[in-house]
Structure formats: structure tokens, C-alpha cells
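Asks:
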Amino acid sequence: MDGDREGWTGGGGAPYDVAEPSRHMTAPADEAVPPAPVPGTAARLPLPPGERRGAAPGIAALSGRGDESNNFKMSGGPRISFNAIDSALSSLKNCQSYINSGMDVATQVALDLVESSNDEEDINNMEKVMLEYAKMDRELNHYIKAFEETINQVKREKPENLPDLENLAQEKFLEMESRNSDSDLERNEKYMYFKDQLKEMKKQCKSDF
Numbered sequence: 001m002d003g004d005r006e007g008w009t010g011g012g013g014a015p016y017d018v019a020e021p022s023r024h025m026t027a028p029a030d031e032a033v034p035p036a037p038v039p040g041t042a043a044r045l046p047l048p049p050g051e052r053r054g055a056a057p058g059i060a061a062l063s064g065r066g067d068e069s070n071n072f073k074m075s076g077g078p079r080i081s082f083n084a085i086d087s088a089l090s091s092l093k094n095c096q097s098y099i100n101s102g103m104d105v106a107t108q109v110a111l112d113l114v115e116s117s118n119d120e121e122d123i124n125n126m127e128k129v130m131l132e133y134a135k136m137d138r139e140l141n142h143y144i145k146a147f148e149e150t151i152n153q154v155k156r157e158k159p160e161n162l163p164d165l166e167n168l169a170q171e172k173f174l175e176m177e178s179r180n181s182d183s184d185l186e187r188n189e190k191y192m193y194f195k196d197q198l199k200e201m202k203k204q205c206k207s208d209f
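Numbering-wise, full-length UniProt numbering puts 161 at position 161 of the sequence shown, and it's gapless, one number per residue.
1. Are F173 and I85 close, meaning C-beta to C-beta below 9 Å?
2. Nearest to Y133 by CA position, among Q96, K206, E175, is which residue?
3. Tell me the rounded alpha-carbon separation between A61 and N83.
4. Which residues in the same chain as D184 place their Cβ atom closer than 7 Å to its Cβ, once the five residues preceding and following it in sequence are excluded?
5. Going residue by residue through the region 92-150, where are the continuous alpha helix (DSSP H) segments of at least 4 residues, counting only ones entirely within it?
6. Distance, Cα to Cα, M126 vs I99?
7. Are the beta-carbon atoms of A110 and Q197 separated by less than 9 Å?
8. With distances taken Cα to Cα, identify the nearest neighbour of Q170 among D208, K145, D112.
9. How would you write the range of the alpha helix (DSSP H) that F194 sits in, first residue to last?
10. Does K135 pass the burial test, meaning 16 or more other C-beta atoms within 10 Å, or should it be called exposed?
11. Let me make sure I understand the geometry here. Which of D182, N141, E121, E115 has the alpha-carbon closest to that of S207?
12. Mapping the DSSP letters down to three states, classify N83 as helix, strand or coil.
13. Report all residues from its chain with a CB closer than 7 Å to the CB of K202; omit the five preceding and five following residues, and keep chain order.
Shown next, in the form of C-alpha cells:
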């Protein structure tokens, strides 16, 4: 693919390039645990410098070789490969491990607080941190799902001209986000574990006294 890249021209005549996904789609390689969200602020996934909030990464098409199972021929003629996008989405899924690590740390801090001082204000603040992490996890899941559904739709329909994948994915993402509710966060597996562990620790501390 390195030596014979050719940009595919969509219906509007502009060349598209699917081989280089936006930096927005690439999971940070050197971030072990995301910084704890500040209670009371909106949860936000980390963005690389230069990216703007709320915009899906720019995506386009490139004819080329690669995994044949992920290549298909558009009805208009060119053969399109989504290997690079699939690889970027796979990397982005690794961000979920960072969020999970952050929630594990927050849970342990809260348990230590119960055991050492049982300060309700501090414990409640840690619960708020857990909810902010849960928001980040939900947003990330919606983001990944929106792009996966968009790519699968194009593969399935094989339109004559490649549609604006960025706008299609953004519409799906915003539709998912519009159905958000607080109950989603309370059903987060890590949050439920947090609540159960706090309850057990408080019982244990009371029995010790």
C-alpha cells in the first residue's frame, strides 16, 4: 500500500484518504490511568492537541490492498479498504482499560477512607469521581459503536459514492448520547462494585467497634 496509494474521488470531486485516521481515534500510548474527573464538571475523554470537542474524526477512502476480508468494491468502481480505521478503533478500545484502572484506584481510595476516617464528605466525593468515570466510559462506548455501525453500514450497502462517514458517525453518536440517563451510570459494573464494597466495609468497621 505504501507505494501505490491513490486517493479516491467522491461525488463532490474531493480526494479521500482512509489510510490515515484522525489522531482523535488513536488511544494514547503512554497514559496508564486517566486523571480523576473533577466532581461537578462534565466528563470528557482526553483529546490530543489540536482536536475539537464533539467532532468525529475525519475519515475518507483509499483504494488499496490489505486484508481481503475487509476490502470491498464500491458499486462505482474503486476498491476500498477500512483496515486502518479498524486498527484505530481497536486501539481506541484500549482506553477502556485506562478508565477501568482509574475506577479501581478510586474504589480503593474510598475503602481506605472508610477504614481510616470514615469522613462522609470525602467518601461522597469519591463516589462523584466514580460517576464521572462512568460517564467517560459511556461516552467512549457510544463513540466506538457509532463508528463501527457506520463502517458496517457502508460495507453492507456498498453505495456508488462514498458518503460522508464523519457526519454519519457523528449523527449516530449524538443520537446515542441523547438517550443518556443517570440510571445508565448507576448500572455501570464498576460503580455497582464500588457501592457494594463500600457497604461491606462500613459494616465491617461498625462490627470492629
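We put the CB at the ideal spot given by N, CA and C, even for glycine.
Replies: Quick answer:
1. In the sequence shown, counting from the first residue as 1, residue 173 sits at position 173. In the sequence shown, counting from the first residue as 1, residue 85 sits at position 85. No, Cβ-Cβ distance for F173 and I85 is not below 9 Å.
2. Along the sequence shown, read from residue 1 onward, the residue named residue 133 stands at position 133. Checking every option, the nearest Cα to that of Y133 belongs to Q96.
3. Stepping through the sequence shown from its first residue, residue 61 is reached at position 61. Stepping through the sequence shown from its first residue, residue 83 is reached at position 83. Residue placement at A61 cannot be trusted, given a pLDDT of 35 that sits under 50; what the coordinates show is reported in the next sentence. Going from the Cα of A61 to the Cα of N83 covers about 11 Å.
4. For the purposes of this step, residue 184 is identified with residue 184 of the sequence shown, where counting begins at 1. For D184, where only same-chain residues beyond five positions count, the Cβ hits under 7 Å are R138.
5. 95-116
6. Walking along the sequence shown from the start, residue 126 turns up at place 126. Walking along the sequence shown from the start, residue 99 turns up at place 99. Near 15 Å, if we compare the C-alpha coordinates of I99 and M126.
7. On the sequence shown, residue 110 is found 110 positions in, with the first residue counted as 1. On the sequence shown, residue 197 is found 197 positions in, with the first residue counted as 1. In contact: A110 and Q197 (Cβ atoms closer than 9 Å).
8. For this step, residue 170 is matched to residue 170 along the sequence shown. Per the Cα distances, K145.
9. Start at 1 with the first residue of the sequence shown, and residue 194 comes out as number 194. From DSSP, the alpha helix (DSSP H) with F194 extends over 189-208.
10. The residue you call residue 135 lines up with position 135 of the sequence shown. By the neighbour-count rule (16 or more Cβ atoms within 10 Å), K135 is buried.
11. For the purposes of this step, residue 207 is identified with residue 207 of the sequence shown, where counting begins at 1. If we check each option's Cα against that of S207, E115 comes out closest.
12. Taking the first residue of the sequence shown as 1, we reach residue 83 at position 83. Three-state result, N83: helix.
13. Taking the first residue of the sequence shown as position 1, residue 202 is located at position 202. Correct list, in chain order: V114.
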